[in-house]
Amino acid sequence: MAFKVIKPGLLALIQDLGRHGHQSIGLTTGGPMDEVAFRWANALLDNHSNSAQIEITFGMFTLEAQANTSIAITGADLAATLNDKSITPWQTYAIKKGDVLAFHQPVWGLRVYLAVKGGFICEPTLGSVATVVREKIGGLTGKGDKLQKGDLLAYQATSLHEKRSVPRLAIPNYGNRDIPVILGYQYQSFSTLERANFFSSDYKVSSNSDRMGYRLEGKEVHSNLKGIISEGIAYGAIQVPKDGQPIVLLQDRQTIGGYPKMGCVTHVGGGILAQQKPGDIIQFTPITVDQAEQERHLQMARLAQWR
Amino acid sequence: MSREEFPNIEMVSNQACLLTFSQVISEATSNYIAQVTQHLVKLTGIVDLVPSYTTLLVVFDDDHYDRFAIFKTIRQTIKAIDPNDFSVKDQREVVIPVYYGKEVGPDIEDVARHCKLSIDEVIQRHSETTYRAYAIGFTPGFAFLGNTPDELHVPRKTTPRLKVPIGSVALAENQTAVYPSVTPGGWQIIGRTPVNLIDWDSKNLALIAMGDSVRFEPISRDEFLVQGGQLDGF
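Just so you know, the protein sequences line up as chains X and L, in that order.
Using numbering that gives the first Met the number 0, the first residue of the first sequence is number 0, and each one after it goes up by one.
Using numbering that gives the first Met the number 0, the first residue of the second sequence is number 0, and each one after it goes up by one.
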């Protein structure tokens, strides 16, 4: 039993929590751009935390159900409809055979997570179904293809449904566009003035942003270092190339690189960033590792309590 | 080999720390990093490792392990390692057959001119050197191999190619590499290997691992074709 893709939209990808353990050979992890939203969609349905979902970017995506099931949608508001009736994210919906589920265009945010009871059934490649288009790995075909018209997204049919929604307090505050940054890597190579500029300026999301990295436009920042010996890039690393315009490296990032880095955005912050569209304005705010851990543990505790 | 210094450990995000072994690139440091990587990979709680020239990025499971416990485990593991134990037997030698020539290496004439060598001399210098894989990255299985002999140092191309064919063997500054997949690339291409550098169905996935020794072996056009080499792609 499956959902049939009627309209594939701009970019809809099968994702789980990512393909880990292969960065030493240069293979990126992939995974959900908004991890908090992804985790909640699985939690709402009592799925395994790593169950496969669809990450729908921007919308123009339509599915038809071939069997009964229960779904959860989280993340952005892409003006979703179920049989032409508006539905809102961060809750579950019962699906009947023949139902048409559509995601039109962003009202706010950019990426929706669609989970189905029991998870979408998909053969993993190297232990994960996460689709990385650039590396031609993962997804329905295992070859990194984005979803196409006519694709069948298989699930185990069920008529069991429980109406549930995420507690309001547990939904990330997407309105707060102050993205938290843990200082690290070469931040000491940026002078006090450069750091002050970085943390007090508005940055605009460039249209060249994608799952690999978010390019930002705004006040130039410069390191005292011209380049560095190439080193491993952690999730959320803020790389500053010669033009002084920061790039935040996200789920499909390259594994090593040789530009100076200011530090890393947290997973929660990276998720909020990934919901911004080209032209949106963000700021950065420095936090300590302790604060980042607390933020993370709070999120995980809310998820654990729910289950 | 002299005793390597204990690496500096620094948190870079809420789930990753960077181990810095040295400020300069050397074979001794690279050996030590390869050795530490082999030990850390066995530890639970460690999710991913990214070894490079002078550093090792350690990604850990921050939902189940706190950073202090991870730091302690890393320190204890490294302390128990004797860098002098790293012997040649731990180091694999990978031999890569290469068909050198203009047909698949369109920059070989430019390289020869720039280096003031004949094409045969370029091939000889490139294939008589044993290289070390200092880092893997850029794309899966792309090994940064160093160092090329001084006479073979060439700058990158001013305009990178949008599509470099699979298996292309290339030079840039003091490094050489094989392109494992079709990607854009700015290195000077001198030949092509019929061998797959990346194979998702194989045990190691990538032919070359960080720390390996790598040699290139010239083969003829016929041998290249017999081994499944493709001539097109440009």
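Virtual Cβ for every residue (Gly too), placed ideally from N, Cα, C.
Predicted model only: the values in this text are computed from it and were never measured.
Hey, how far is the Cα of X/Glu230 from the Cα of L/Ala208? Against the first sequence, residue 230 of chain X aligns to sequence position 231. Against the second sequence, residue 208 of chain L aligns to sequence position 209. Across the structure, X/Glu230 and L/Ala208 are spaced so that their CA atoms are roughly 16 angstroms apart.
Where L/Asn146 meets chain X, residues with beta-carbon distance less than 9 angstroms: What you label residue 146 of chain L is simply residue 147 of the second sequence in a count that begins at 1. Think of a sphere of 9 angstroms around the beta carbon of L/Asn146: no beta carbon from chain X falls inside it, the nearest being about 14 angstroms out.
Where X/Gln90 and X/Lys260 are concerned, what is the direct C-alpha to C-alpha distance, given to the nearest angstrom? Counting from 1 along the first sequence, the entry for residue 90 of chain X is found at position 91. Counting from 1 along the first sequence, the entry for residue 260 of chain X is found at position 261. Their backbone Cα atoms lie some 38 angstroms apart in a straight line.
Burial state of L/Asp221, where buried means 16 or more other Cβ atoms lie within 10 Å: Numbered from its first residue, the second sequence carries residue 221 of chain L at position 222. Under a 10 Å Cβ-count criterion, L/Asp221 is classified as exposed, with fewer than 16 other Cβ atoms of the shown protein chains found around its own Cβ.
If you drop the 5 nearest sequence neighbours on each side, which residues of the same chain put their C-beta closer than 8 angstroms to that of L/Met0? By 1-based counting over the second sequence, the position of residue 0 of chain L is 1. Unreliable positioning characterises L/Met0 in this predicted model, as indicated by a pLDDT of 42, which lies under 50. A coordinate reading is not provided.
Between the Cα of X/Gly212 and those of X/His47, X/Ala233, X/Gly141, X/Ser200, spot the shortest distance and give me the residue it belongs to. Walking along the first sequence from the start, residue 212 of chain X turns up at place 213. When X/His47, X/Ala233, X/Gly141, X/Ser200 are compared, the shortest CA-CA separation from X/Gly212 is found for X/Ala233.
How do the stretch 53 to 64 of chain X and the stretch 2 to 14 of chain X stand: do at least 3 beta-carbon pairs fall below 8 angstroms, yes or no? The answer is yes - the stretch 2 to 14 of chain X touches the stretch 53 to 64 of chain X, with three or more Cβ pairs under 8 angstroms.
Taking only beta-carbon positions, decide if X/Leu10 is within less than 8 angstroms of chain L. Walking along the first sequence from the start, residue 10 of chain X turns up at place 11. No, X/Leu10 does not count as interfacial toward chain L.
Per-residue DSSP class, three states only, for X/Ile55: Numbered from 1 along the first sequence, position 56 holds the residue referred to as residue 55 of chain X. If DSSP states are grouped into helix, strand and coil, X/Ile55 belongs with the strands.
Here's the rule: buried if 16 or more other CB atoms are within 10 angstroms of the residue's CB, otherwise exposed. What is L/Pro96? Residue numbering aside, residue 96 of chain L sits at position 97 when the second sequence is read from its first letter. Per the 10 Å Cβ criterion, buried.
To which residues does DSSP link L/Trp186 through a beta bridge? As a position in the second sequence, residue 186 of chain L is number 187, starting the count at 1. DSSP, once it has assigned bridges, lists no residue as partnering L/Trp186.
Tell me whether L/Ile77 is buried or exposed, calling it buried when 16 or more other Cβ atoms sit within 10 Å of its Cβ. Taking the first residue of the second sequence as position 1, residue 77 of chain L is located at position 78. By the neighbour-count criterion, in which a residue is buried when 16 or more other Cβ atoms sit within 10 angstroms of its Cβ, L/Ile77 is buried.
Following a CB-centred definition, is L/Val181 positioned closer than 7 angstroms to any heavy atom of the ligand ADP? By its list of ligands, the structure shown contains no ligand whatsoever, and the ligand ADP lies outside what it can speak to.
Spatial neighbours of X/Leu12 in its chain, beta-carbon cut-off 6 angstroms, leaving aside the 5 residues before and after: On the first sequence, residue 12 of chain X is found 13 positions in, with the first residue counted as 1. Residues Glu54, Thr130, Lys145 of the same chain have their beta carbon placed closer than 6 angstroms to that of X/Leu12, with the five preceding and five following residues left out of the count.
Taking L/Phe70 as the query, report the chain X residues whose CB atoms sit under 7 angstroms from its CB, ordered along the chain. Numbered from 1 along the second sequence, position 71 holds the residue referred to as residue 70 of chain L. Here the premise fails: no neighbours, minimum Cβ distance about 12 angstroms.
CB contact check: X/Gln22 to chain B, cutoff 8 angstroms: Looking for chain B here will not work: the only protein chains present are X and L.
Test: L/Phe20 CB closer than 8 angstroms to a CB of chain X: One-based indexing of the second sequence puts residue 20 of chain L at position 21. Residue-level contact by beta carbon fails for L/Phe20 and chain X, as no gap is shorter than 8 angstroms.
Whole angstroms are fine: how far does the CA of X/Lys218 sit from the CA of X/Ser190? Here residue 190 of chain X is taken as the residue at index 191 of the first sequence, counted from 1. Here residue 218 of chain X is taken as the residue at index 219 of the first sequence, counted from 1. Cα to Cα, X/Ser190 sits roughly 14 angstroms from X/Lys218.
Once you ignore the five residues that flank X/Tyr154 on each side, which residues in its own chain have a CB closer than 8 angstroms to its CB? Within the first sequence, residue 154 of chain X is the residue found at index 155, counting from 1. Cβ contact annotation for X/Tyr154 (same chain, cutoff 8 angstroms, sequence separation greater than five): Met0, Ala1, Phe2, Ala66, Thr68, Val115, Lys116, Gly117, Gly118, Phe119, Ile120, in chain order.
Using 8 angstroms as the threshold, is the C-beta distance between L/Val58 and L/Gln14 below it? The count along the second sequence starts at 1 and reaches residue 58 of chain L at position 59. The count along the second sequence starts at 1 and reaches residue 14 of chain L at position 15. Cβ atoms of L/Val58 and L/Gln14: closer than 8 angstroms.
Let me make sure I understand the geometry here. Which of L/Thr43, L/Glu92, L/Tyr52 has the alpha-carbon closest to that of L/Ile69? Position 70 of the second sequence, counted from the first residue, corresponds to residue 69 of chain L. Distance check between L/Ile69 and each of L/Thr43, L/Glu92, L/Tyr52 places L/Thr43 closest, using alpha-carbon atoms only.
What does X/Pro285 pair with, by DSSP beta-bridge criteria? If you number the first sequence from 1, residue 285 of chain X lands on position 286. For X/Pro285, which the question treats as bridged, DSSP gives the partners X/Val180.
Run of the alpha helix (DSSP H) containing L/Thr28, from where it starts to where it stops: Taking the first residue of the second sequence as 1, we reach residue 28 of chain L at position 29. Element bounds for L/Thr28: 26 to 39.
L/Pro193 to X/Ala93 span [Cα, whole Å]: One-based indexing of the second sequence puts residue 193 of chain L at position 194. One-based indexing of the first sequence puts residue 93 of chain X at position 94. When rounded, the separation of the alpha-carbon atoms in L/Pro193 and X/Ala93 is 53 angstroms.
Assuming contact is defined by CB atoms lying nearer than 8 angstroms, are X/Tyr308 and L/Val11 in contact in what I supplied? The structure shown does not extend to residue 308 of chain X, since chain X spans only 0 to 306, so no value can be given for it.
Using the Cα positions of X/Gly17 and L/Glu108, report the straight-line distance between them to the nearest angstrom. As a position in the first sequence, residue 17 of chain X is number 18, starting the count at 1. As a position in the second sequence, residue 108 of chain L is number 109, starting the count at 1. Taking the straight line joining both Cα atoms gives about 44 angstroms.
Would you list, in sequence order, the uninterrupted beta strand (DSSP E) runs of no fewer than 3 residues that lie entirely inside the stretch 6 to 32 of chain X? Runs of the beta strand (DSSP E) inside the stretch 6 to 32 of chain X: 10 to 14.
Taking the alpha helix (DSSP H) that L/Ser126 belongs to, which residues open and close that run? Position 127 of the second sequence, counting from 1, holds the residue named residue 126 of chain L. Per DSSP, L/Ser126 is one residue of the alpha helix (DSSP H) stretching across 118 to 127.
For L/Thr72, which residues in the same chain have their Cβ closer than 8 angstroms to its Cβ, ignoring the five residues on either side in sequence? If you number the second sequence from 1, residue 72 of chain L lands on position 73. Closer than 8 angstroms at the Cβ level, and outside the excluded window around L/Thr72, lie Leu42, Gly44.
In the DSSP assignment, the beta strand (DSSP E) including X/Thr61 goes from what residue to what residue? In the first sequence, counting from the first residue as 1, residue 61 of chain X sits at position 62. Boundaries of the beta strand (DSSP E) harbouring X/Thr61: 60 to 64, taken from the DSSP string.
Can you find the residues in the same chain that come closer than 6 angstroms, C-beta to C-beta, to X/Phe283, ignoring five residues on each side of it along the sequence? To locate residue 283 of chain X, count along the first sequence from 1; it is residue 284. Its chain contains Ile178, Val180, Phe198 as the residues whose beta carbon lies nearer than 6 angstroms to that of X/Phe283, once the 5 sequence neighbours on both sides are disregarded; these appear in chain order.
For the alpha helix (DSSP H) containing X/Arg38, list its first residue and its last residue. In the first sequence, the residue the question calls residue 38 of chain X occupies position 39. Per DSSP, X/Arg38 belongs to the alpha helix (DSSP H) from 34 to 43.
L/Ser1 CB to nearest chain X CB: under 8 angstroms? Position 2 of the second sequence holds residue 1 of chain L. For L/Ser1, the predicted structure reports a pLDDT of 46, less than 50, and the residue's modelled location is therefore unreliable. The matter cannot be settled from this model.
Would a C-beta distance cut-off of 8 angstroms place L/Leu196 and L/Thr175 closer than the cut-off? Sequence index remark: in the second sequence, residue 196 of chain L carries index 197 (1-based). Sequence index remark: in the second sequence, residue 175 of chain L carries index 176 (1-based). Going by beta carbons, L/Leu196 and L/Thr175 fall outside the 8 angstroms limit.
Along chain X, in chain order, which residues have C-beta atoms closer than 8 angstroms to that of L/Pro50? In the second sequence, the residue the question calls residue 50 of chain L occupies position 51. At a C-beta separation below 8 angstroms, L/Pro50 has these neighbours in chain X: Ser23, Gly231.
Secondary structure of X/Arg133, DSSP reduced to three states: For the purposes of this step, residue 133 of chain X is taken as residue 134 along the first sequence, with counting starting at 1. Here X/Arg133 sits in coil by DSSP.
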